[in-house]
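Engineer:
In the numbering used here, the protein residues as written are 878 to 1209.
#1: What do you get for residue 983, buried or exposed, if any count of 16 or more other CB atoms within 10 angstroms of its CB means buried?
#2: How about residue 979 and residue 1170: do their beta carbons lie closer than 8 Å?
#3: So, residue 1072 versus residue 1132, is the Cβ gap smaller than 8 Å?
#4: Here's the rule I'm using: 16 or more other beta-carbon atoms within 10 Å means buried, otherwise exposed. How should residue 1056 be labelled?
#5: Applying the 10 Å Cβ sphere with the 16-neighbour rule, what's the burial state of residue 1207?
#6: Rounded C-beta distance between residue 1108 and residue 1157? I'm assuming under 8 Å.
#7: Short of 7 Å in beta carbon distance, which residues of its chain neighbour residue 1125, apart from the five on each side in sequence? Order them along the chain.
#8: Can you tell me where the alpha helix (DSSP H) with residue 1130 in it begins and where it stops?
#9: Just reading off the alpha helix (DSSP H) that residue 1049 is part of, what are its end residues?
#10: Among 1147, 1042, 1160, 1035, which residue has its Cα nearest to the Cα of residue 1053?
#11: Should residue 1043 be labelled buried (16 or more other beta-carbon atoms within 10 Å of its own) or exposed?
#12: Touching or not, the region 951-965 and the region 1018-1037, by the rule of three or more beta carbon pairs under 8 Å?
#13: From residue 1068 to residue 1190, what distance separates their C-alpha atoms?
#14: Spatial neighbours of residue 1197 within its chain, please: CB distance less than 7 Å, with the 5 preceding and 5 following residues excluded, ordered by chain position.
#15: Would the beta-carbon of residue 1187 fall within 8 Å of that of residue 1166?
#16: Hey, residue 1039 and residue 948 are a contact pair by Cβ (cut 8 Å); roughly how many whole angstroms apart?
#17: Comparing C-alpha positions only, which one of 1195, 1182, 1143 sits nearest to residue 1160?
#18: Any idea if residue 1005 is buried or exposed, counting beta-carbon neighbours within 10 angstroms, 16 or more meaning buried?
#19: Could you check if residue 1100 is buried or exposed, using at least 16 other CB atoms within 10 Å of its CB as the buried criterion?
#20: Looking only at its own chain, which residues have a Cβ that is under 8 Å from the Cβ of residue 1002, when we skip the five neighbours before and after it?
#21: Thinking just about the alpha-carbon of each residue, which of 1041, 1147, 966 is nearest to the one in residue 1116?
#22: Would you identify the three-state DSSP class for residue 1089, choosing helix, strand or coil?
#23: How close, in whole Å, do the beta carbons of residue 934 and residue 1153 come, if the pair is a contact with beta carbons under 8 Å?
#24: Taking the alpha-carbon positions, what's the residue 1144 to residue 1080 distance?
#25: Exposed or buried, residue 1015, counting other C-beta atoms within 10 Å across all chains shown (16 or more means buried)?
#26: Go to residue 1201, then tell me how far its alpha helix (DSSP H) extends in each direction, as first and last residue.
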């Protein structure tokens, strides 16, 4: 009996050791994962440094230029088709355009020759930039918006196919890239709603300044801070929703799912992404100035047409830069 009891005790002890060691072995076999806390936008949270650093604006611009140069015939063809449609449907409905030569002469007459060639050309360039996209005719504005949607979808489809290394044709971009038109418009409508605080702040600030509500410096500063807070709110929301425009063009993607995916894409690095997005207009203006200033000085009659081509290629530049940034955000 003693021997049997000893065996039973040994078996029970071994069974206990097996039951205690099995969870430990199973726990060691499973990979350890770090649990991230739930992320809530527009709430103050502990700042977390993202492990993947995004490239700077210069590297993003170089990557964008490299991508466009690899399929230069395709993207030039897409932009020329877009420009031709704008020339026929938009420019043909506008009563008049900015005459660069006469504007340059008027500036020289007003300044009595005190403006240098570079100064007058820079002033003409500023006027051209300010008048770009301002169409007095409502029909021309509607055509311009519709063509911008069509051109954007064609460019985004071509960019995705070019990154994948597929052989492309210009007509394929306009034929096969149009299927997510409705989801694209819905996401664009959300972006427009998110820009409402910026618009409201601009209207209220201008009304306060022009209506005499802000007369002293402290009052102007207070209204300016109010406007800045609303503008910052809009930029904060738009910094993620802009990438939903590229996500929603994927197959079987809904607008709500695209917006949620875009928020996760910029998680913990929203302000870094926003700085790179805000750098895009600066880069485009610098490129346009480098191209336009010599033409305004030396080839003034051609300046208007060259500027029109630059405005057409600006859509390609915006989507190429943003798509390159979107691809960098995916590299995690």
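Don't be surprised by glycine CBs; every beta carbon is placed ideally from N, CA and C.
Structural biologist: According to the data block:
#1: Exposed.
#2: No, these two residues do not count as a Cβ contact at 8 Å.
#3: Their beta carbons are not under 8 Å apart, which means residue 1072 does not touch residue 1132 by this criterion.
#4: By the neighbour-count criterion, in which a residue is buried when 16 or more other Cβ atoms sit within 10 angstroms of its Cβ, residue 1056 is exposed.
#5: Exposed, since its Cβ has fewer than 16 Cβ neighbours within 10 Å.
#6: The C-beta distance from residue 1108 to residue 1157 rounds to 17 Å, too long to fall under 8 Å, and the pair is not in contact.
#7: So the list reads 1057, 1060, 1061, 1064, 1132, 1135, once near-sequence residues are dropped.
#8: In this chain, residue 1130 is not harboured by any alpha helix (DSSP H), its DSSP state being neither H nor E.
#9: That run of the alpha helix (DSSP H) goes 1047-1053.
#10: Closest by C-alpha distance to residue 1053, out of 1147, 1042, 1160, 1035, is 1035.
#11: By the beta-carbon neighbour count (other beta carbons within 10 angstroms, threshold 16), residue 1043 is exposed.
#12: Contact holds: three or more Cβ-Cβ distances are below 8 Å.
#13: Near 23 Å, if we compare the C-alpha coordinates of residue 1190 and residue 1068.
#14: The answer, listed in chain order, is 941, 944, 945, 1036.
#15: Going by C-beta atoms, residue 1187 is not nearer than 8 Å to residue 1166.
#16: With 8 Å as the limit, residue 1039 and residue 948 qualify as a contact, their Cβ atoms being about 5 Å apart.
#17: Each of 1195, 1182, 1143 was checked against the Cα of residue 1160, and the nearest Cα belongs to 1195.
#18: Answer is buried; the Cβ neighbour count reaches 16.
#19: Buried, by the Cβ-count rule.
#20: In the same chain as residue 1002, and ignoring 5 residues on each side of it, the C-beta atoms closer than 8 Å to its own belong to 1165, 1166, 1169, 1170, 1173, in chain order.
#21: Considering only alpha carbons, the answer is 1147.
#22: Looking at residue 1089 - three-state DSSP - the assignment turns out to be coil, as it is neither helix nor strand.
#23: Here residue 934 really is in contact with residue 1153; their C-beta atoms are around 6 Å apart, less than 8 Å.
#24: Their backbone Cα atoms lie some 31 Å apart in a straight line.
#25: So residue 1015 counts as exposed.
#26: Per DSSP, residue 1201 is one residue of the alpha helix (DSSP H) stretching across 1180-1207.
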